[in-house]
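Heads up: the sequence shown runs through residues 7 to 138, numbered per this note's numbering.
Backbone N, C-alpha and C fix where the C-beta goes; we use that ideal spot for every residue, glycine too.
In what follows, a single structure is set out as structure tokens and then discussed.
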Amino acid sequence: MIIAIVGSRNMSRYGKDVINQLRIKNYELVTINIMGCNREIIKKCQKNNIKVTIFEGENFEKINNDVANYADVLVIIEGGKNSGTLLLAKNFVEKNKLVYCVPGRINDDNSFACNWLISQGAIPLINIDQII
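Next comes the structure, spelled out in structure tokens:
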């Protein structure tokens, strides 16, 4: 299984803690090379010799589509109200692929995307072993 994992550019301590809990040895991971959670995911994979495919570029619409075509499921760790993560999730949904979101505190700006997506039908990732 190929799992795309993304998060907020403005990673919180909570986001970093979630990344550190991920046990991802038996899967290929995909992420987009931007700052914050995504770069933390890349560092963790490289440190632990986990295969990670990194998508880069200036055209985020194309990158989001490429990631959604490549990966089997999407895991979202964090994202703000105007997060590009919402567009990525839309691409996965349009391709009938599963979207998992880590729930967050309702008063935390970085939790908006995940909490809103859960309210729209995304699967809450409440146990780190649920899919990974």
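With DSSP as the reference, identify every bridge partner of Thr37, one or two as the case may be. Ile60
Is Ser14 buried or exposed, if buried means 16 or more other CB atoms sit within 10 Å of its CB? buried
Pick from Leu28, Thr91, Arg29 and Ile56: whose alpha carbon is nearest that of Ile38? Thr91
Note down, in chain order, each residue of its chain lying with its Cβ closer than 7 Å to the Cβ of Val73, except the 5 sequence neighbours on either side. Ala10, Val36, Ile38, Phe61 and Leu94
Checking the sheet assignment: what are the DSSP bridge partners for Cys43? Beta-bridge annotation (DSSP): Cys43 is not paired with any residue.
Express the C-alpha separation of Val79 and Ile134 in angstroms, rounding to a whole number. 15 Å
Hey, which unbroken runs of the alpha helix (DSSP H) at 4 residues or more fall wholly within the segment 54-111? 66-76 and 91-100
What did DSSP end up calling Ile137 once you bin it into helix, strand or coil? In the structure shown, Ile137 sits in coil (DSSP, three-state: anything other than H, G, I, E or B).
Pop quiz: Glu34 and Ile8 are said to be a contact at Cβ under 8 Å. What is the actual Cβ separation, rounded to whole angstroms? 5 Å
Got a sec, what are the start and stop residues for the beta strand (DSSP E) Ile9 sits in? Its beta strand (DSSP E) spans residues Ile8 to Val12.
Please return the same chain residues whose Cβ sits closer than 8 Å to the Cβ of Leu131, not counting the five positions on each side in sequence. The residues are Val81, Tyr106, Cys107, Val108, Pro109 and Ile137.
Can you give the Cα-Cα distance for Ile124 and Tyr76, rounded to whole angstroms? 23 Å
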